[in-house]
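Using the working numbering, the letters of the sequence shown map in sequence onto residues 98 to 852.
Heads up, the beta-carbon is just placed ideally off N, CA and C, and yes, glycines get one too.
As structure tokens, the structure follows; a few thoughts come after it.
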Amino acid sequence: MAFDIEMIKKVYSQYDERIKAARQIVNKPLTLSEKILYTHLWSGNATEAYERGRSYVDFAPDRVAMQDATAQMALLQFMQAGRAKAAVPSTVHCDHLIQAKEGADKDLARAKSESSEVFNFLSSVSNKYGIGFWKPGAGIIHQVVLENYAFPGGLMIGTDSHTVNAGGLGMVAIGVGGADACDVMAGLPWELKFPKLIGVKLTGKLTGWAASKDVILKVAGILTVKGGTGAIVEYFGEGAESLSCSGKGTICNMGAEIGATTSTFGYDAAMERYLRATGRADVADAANAIKEHLTADPEVYANPELYFDQIIEINLSELEPSLNGPFTPDLYTPASRMREEAQKNGWPTKVEWGLIGSCTNSSYEDLARAASIARQAVEKGLVTKAEFGINPGSEQVRYTADRDGLLKTFEDLNATIFTNACGPCIGMWDRAGADKQEKNTIVHSFNRNFAKRADGNPNTYAFVTSPEMVAAIAISGDLGFNPVTDTLTNKNGEQVKLDPPTGDELPTKGFDVEDPGYQAPAADGSSVVVDVSPTSDRLQLLEPFSPWEGTDLKGLKLLIKAKGKCTTDHISMAGPWLKYRGHLDNISNNLLIGAVNYFNDKTDNVQNQLTGEYGAVPATQRAYKAAGIGSIVVGDENYGEGSSREHAAMEPRHLGVRAVLVKSFARIHETNLKKQGMLGLTFADKDDYDKIQENDTIDILGLTEFAPNKPLTLVLHHVDGSEDCISVNHTYNAQQIEWFKAGGALNIIRANQAK
Ligand code: F3S
């Protein structure tokens with residue numbers, strides 16, 4: 098599948114010299130994260146020590162990975178950059194656009210026909226620009242990347258927030274917007290604020306029902322959805338080495354749920370086993386040759402408090418199986434306390450569905466451990482009380498799991514095997530009866546459980562847990578079931594107990610696959626034609642955004658003051674809207690429709706200041722645009738948390754929103770706003786959020802002297818004639834200010850290519 102061993106050897110050949118240079122400059126032992134970052138500086142050997150959480154640094158990533166939903170916009174942008182080929186090895190993975198309904202074969206055939214235009218576009222644009230293309234059904238991006246491309250000590254970016262999954266194979270892998278991917282494929286440096294470092298020391302060993310998933314569920318409970326913001330989480334200790342490679346991937350994957358920049362583990366025997374099992378013995382050999390550089394310096398793990406900004410210690414031997422949710426992935430409840438918590442909080446305990454899959458937990462090991470529970474259920478005369486669905490992570494996993502009888506085991510329990518794709522995890526799930534919006538509970542092995550995410554029903558209580566717990570709870574049909582202590586009644590009326598899960602970390606007979614679903618790009622793509630129909634409602638070529646007019650922005654209307662959680666799902670909803678990811682004007686009709694209006698507690702209902710009428714957010718914004726009036730969006734804490742989709746920044750830009758002012762931003766979204774030439778601002782005094790009134794007209798002053806670390810001023814003109822003047826901060830550096838002035842980063846890239 099064309100993983101690039103020569104590229105990897107080149108990266109490793111620079112390691113020794115670059116790490117020595119970094120150690121000298123930083124003047125202390127280095128963590129693994131620092132080693133990877135300092136060996137990937139755009140400028141070569143380190144010449145200065147960067148300040149964590151403050152310095153903006155240019156990096157040279159080794160790879161780019163894109164999924165089909167985000168790749169459309171990333172590649173539409175890349176086409177505007179004027180290059181013949183992607184500058185670094187890159188791949189596209191078709192996994193988000195396949196709806197789970199009847200089972201793999203029918204669902205895949207339907208998706209291929211419904212989204213043929215998009216798949217053809219991605220296939221041809223990949224073919225033209227030297228990009229590897231993984232066809233629909235080949236698997237979920239992060240599983241395919243782990244199986245084929247991730248390598249210890251590498252630096253990768255991906256247009257999906259769970260790109261971080263590759264930390265399971267010792268990478269620093271970071272989710273970005275399509276605009277960042279476009280920059281790197283265009284041969285430009287990639288900028289990141291040098292992250293803080295959180296060390297997680299794992300002691301002991303998992304036993305019984307506890308799984309790798311329980312490590313990250315526990316960490317999420319400790320750190321919450323914001324606790325990892327701006328930081329790399331580095332796992333170490335004897336407990337870390339006891340975990341399988343795909344288990345480490347699960348832990349890193351859900352680092353996205355604590356807002357972490359990424360997570361990673363040092364290279365170890367489990368990673369070597371995984372590399373060899375997935376056909377990459379030469380990568381394992383190359384990694385072994387520089388092994389000491391692929392983990393932190395020994396002094397770091399001996400005295401971690403001296404080298405990390407924060408330390409957490411978890412004893413794996415004490416971990417219990419657990420579930421996080423509902424509605425947020427950081428609400429941690431051990432299975433032993435779930436019945437009591439559910440009763441106390443009114444969570445429905447009857448479980449309707451158990452779903453195994455997503456990039457988080459769809460490895461061979463995950464399926465094997467869950468199958469060991471399913472097998473027992475059949476053998477012990479149990480019948481599943483809930484419905485049961487499985488999305489394998491890749492065709493390689495599916496084919497091997499089928500060969501080894503794992504899928505048959507699930508089918509014996511009436512499970513539906515869906516496509517090797519995201520499916521319900523991204524809301525691509527035609528769940529019968531979801532439109533009735535009944536209160537119900539589901540359990541899944543995914544990573545996110547925001548309201549409406551899986552099935553569009555706001556009353557679905559979704560709980561995140563390990564695949565083996567999904568199997569056990571689906572069988573029991575009871576959220577409060579704790580397999581460690583509880584028994585179940587079988588067909589004969591007997592009480593039976595499920596034994597703890599077992600399962601091979603890697604298939605004992607090796608992985609196998611007939612057709613992995615990969616298309617290599619043309620050696621010379623210059624004659625490949627990329628077709629985008631002007632009448633398409635799925636794809637639309639981009640027009641450059643206008644540059645800044647050179648003046649302060651005056652007379653902006655408040656579009657919405659969003660209350661509470663406002664994730665990228667609230668700003669640019671997924672589910673049915675996924676199909677418009679390549680058509681900016683059409684997808685803009687979902688702008689902020691999930692955000693709660695502070696003034697009436699309703700979603701998608703704001704006052705149009707021109708008419709006084711209440712209406713949908715996108716229609717209101719289009720009315721302002723038609724009148725030539727700019728607007729501003731106000732938000733709460735951690736605005737834009739969730740995914741890396743730049744649509745959440747491009748849509749408001751396209752419809753004429755000029756600024757987003759919030760208490761705090763999620764990192765990726767803030768960067769995405771900057772890339773699109775938007776103003777992303779934060780309240781200097783968070784209490785000023787309360788000063789924003791429903792009919793405010795707002796001026797942004799100070800833009801003619803826009804400079805790093807220099808606050809701007811906002812004047813709030815209230816309808817009663819009174820005014821408030823508030824100070825707002827920003828994190829724009831000099832280059833990002835140029836993006837703002839040019840109307841977006843792409844306008845600068847294109848101008849530079851033309852020179
Ligand atoms: Fe897909 Fe869900 Fe992962 S949408 S990439 S399986 S988080």
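Where are the alpha helix (DSSP H) runs, 4 residues long or more, that stay fully inside the stretch 407-493, in chain order?
432-442, 461-476
Apart from the five residues just before and just after I453, which ones in its own chain have a Cβ nearer than 6 Å to its Cβ?
Here residue 453 corresponds to residue number 356 of the sequence shown, with the count starting at 1. Answer for I453: A467, I487, S542, P564, V567, listed in chain order.
Hey, is R545 close to the ligand F3S, as in C-beta under 7 Å from one of its heavy atoms?
As a position in the sequence shown, residue 545 is number 448, starting the count at 1. Between the ligand F3S and the CB of R545, the shortest heavy atom gap is smaller than 7 Å.
Any chance the CB of D257 is under 7 Å from a heavy atom of the ligand F3S?
Translated into positions along the sequence shown, residue 257 becomes position 160. Yes, since a heavy atom of the ligand F3S falls inside the 7 Å radius drawn around the Cβ of D257.
For T375, which residues of its own chain have a beta-carbon under 6 Å away from its beta-carbon, when the five flanking residues on both sides are left out?
Within the sequence shown, residue 375 is the residue found at index 278, counting from 1. For T375, where only same-chain residues beyond five positions count, the Cβ hits under 6 Å are E244.
Measure the beta-carbon distance from F919 to P423 and round it to whole angstroms, keeping in mind my assumption that it falls under 8 Å.
No statement about residue 919 is possible, as the shown extent of the chain runs from 98 to 852 and does not include it.
Give me the residue from K658, L689, G661 with the minimum Cα distance to M670.
Position 573 of the sequence shown holds residue 670. If we check each option's Cα against that of M670, L689 comes out closest.
Taking only three categories from DSSP, how would you classify S620?
For this step, residue 620 is matched to residue 523 along the sequence shown. Rather than Ser, the amino acid found at residue 620 in this sequence is Ala. Coil at A620, not helix or strand.
So which of K788, V154, L811, I789 has the shortest CA-CA distance to G56?
Shown here, the chain extends from 98 to 852; a query on residue 56 therefore has no answer.
Considering only the beta carbon of each residue, do V215 and D277 sit closer than 8 Å?
Here the question's residue 215 lines up with position 118 in the sequence shown. Here the question's residue 277 lines up with position 180 in the sequence shown. Not closer than 8 Å, so no.
Given the structure, does C456 come close to the ligand MN, in the sense that its CB is under 7 Å from one of the ligand's heavy atoms?
With respect to the ligand MN, the structure offers nothing, as its ligand set consists of the ligand F3S.
Please confirm whether G524 and G672 have their CB atoms less than 8 Å apart.
Translated into the one-based positions of the sequence shown, residue 524 becomes position 427. Translated into the one-based positions of the sequence shown, residue 672 becomes position 575. A contact, by the Cβ cut-off of 8 Å.
Sorted by chain position, which residues of the same chain lie with C-beta nearer than 6 Å to Y677's C-beta, five sequence neighbours on each side aside?
Within the sequence shown, the letter at position 580 stands for residue 677. Correct list, in chain order: N683, I684.
Note down the Cα distance separating H815 from Q706, rounded to an integer number of angstroms.
Taking the first residue of the sequence shown as position 1, residue 815 is located at position 718. Taking the first residue of the sequence shown as position 1, residue 706 is located at position 609. Cα to Cα, the separation comes out at about 12 Å.
What residue does the alpha helix (DSSP H) around Y558 start on, and which one ends it?
Sequence index remark: in the sequence shown, residue 558 carries index 461 (1-based). Element bounds for Y558: not the alpha helix (DSSP H) but the beta strand (DSSP E), 557-561.
Is it right to say A851 is buried, meaning 16 or more other beta carbons lie within 10 angstroms of its own, or is it exposed?
Residue numbering aside, residue 851 sits at position 754 when the sequence shown is read from its first letter. Its Cβ having fewer than 16 others within 10 Å, A851 is exposed.
Using 8 Å as the threshold, is the stretch 377-392 in touch with the stretch 102-115, meaning 3 or more CB pairs across them?
yes
From the DSSP output, read off the bridge partner residues of D796.
Position 699 of the sequence shown, counted from the first residue, corresponds to residue 796. DSSP, once it has assigned bridges, lists V812 as partnering D796.
Among T347, C349, N587, L289, which one has its Cα closest to the Cα of G327?
If you number the sequence shown from 1, residue 327 lands on position 230. Checking every option, the nearest Cα to that of G327 belongs to L289.
Can you name the residues that DSSP bridges to Y736?
Taking the sequence shown and counting its residues from 1, one reaches residue 736 at position 639. Partner(s): F762.
Should T717 go down as buried or exposed, given a rule of 16 or more other Cβ atoms within 10 Å for buried?
Mapped onto the sequence shown, residue 717 falls at position 620. Buried, by the Cβ-count rule.
Do M775 and A746 have their beta-carbon atoms positioned less than 8 Å apart in this structure?
As a position in the sequence shown, residue 746 is number 649, starting the count at 1. As a position in the sequence shown, residue 775 is number 678, starting the count at 1. Yes. Within cutoff.
For E710, count neighbouring Cβ atoms within 10 angstroms of its own Cβ and tell me buried if that reaches 16, exposed if not.
By 1-based counting over the sequence shown, the position of residue 710 is 613. Exposed: under 16 other Cβ atoms inside 10 Å.
Between E211, I237, A247, F291, which has its C-alpha nearest E145's C-alpha?
Translated into positions along the sequence shown, residue 145 becomes position 48. The candidate whose alpha carbon is nearest that of E145 is F291.
Decide if G607 is buried, meaning its Cβ has at least 16 other Cβ atoms within 10 Å, or exposed.
Indexing the sequence shown from 1 puts residue 607 at position 510. Looking at its Cβ environment, which holds fewer than 16 other Cβ atoms inside 10 Å, G607 is exposed.
D204 lies in the alpha helix (DSSP H); which residues open and close that run?
By 1-based counting over the sequence shown, the position of residue 204 is 107. That run of the alpha helix (DSSP H) goes 201-211.
Is V330 helix, strand or coil when you go by DSSP?
On the sequence shown, position 233 is the one that residue 330 refers to. Residue state, collapsed to three classes: strand.
Could you check where the alpha helix (DSSP H) with L134 kicks off and where it finishes?
To locate residue 134, count along the sequence shown from 1; it is residue 37. First-last of the alpha helix (DSSP H) with L134: 129-135.
One question on the structure: do A283 and G325 come within less than 8 Å of each other, judged by their Cβ atoms?
Within the sequence shown, residue 283 is the residue found at index 186, counting from 1. Within the sequence shown, residue 325 is the residue found at index 228, counting from 1. No, these two residues do not count as a Cβ contact at 8 Å.
Restricting to Cα atoms, I'd like to know which of L655, G725, N694, Y615 is closest to L219.
Mapped onto the sequence shown, residue 219 falls at position 122. Here the closest residue by C-alpha is Y615.
Is it the case that the CB of Q164 approaches a heavy atom of the ligand F3S more closely than 7 Å?
Your numbering for residue 164 matches position 67 in the sequence shown. Yes, since a heavy atom of the ligand F3S falls inside the 7 Å radius drawn around the Cβ of Q164.
Report yes or no: do three or more beta-carbon pairs, one from the stretch 225-234 and one from the stretch 637-649, lie closer than 8 Å?
no
Going by the CB atoms, is the gap between V189 and I228 shorter than 8 Å?
For the purposes of this step, residue 228 is identified with residue 131 of the sequence shown, where counting begins at 1. For the purposes of this step, residue 189 is identified with residue 92 of the sequence shown, where counting begins at 1. Their beta carbons are under 8 Å apart, which means I228 touches V189 by this criterion.
Taking V494 and Q773 to be in contact with their CB atoms under 8 Å, please state how far apart those CB atoms are, rounded to whole angstroms.
Here residue 494 is taken as the residue at index 397 of the sequence shown, counted from 1. Here residue 773 is taken as the residue at index 676 of the sequence shown, counted from 1. In this structure V494 is not in contact with Q773, their Cβ atoms being roughly 37 Å apart against a cut-off of 8 Å.
Residues in its own chain within less than 6 Å of P631 by CB, not counting five upstream and five downstream?
Numbered from 1 along the sequence shown, position 534 holds the residue referred to as residue 631. Result list for P631: empty, nothing under 6 Å.
Quick check on the DSSP output: the alpha helix (DSSP H) that includes F112 runs from which residue to which?
Along the sequence shown, read from residue 1 onward, the residue named residue 112 stands at position 15. The amino acid occupying residue 112 in the given sequence is Tyr; Phe does not appear at that position. For Y112, the enclosing alpha helix (DSSP H) begins and ends at 102-123.
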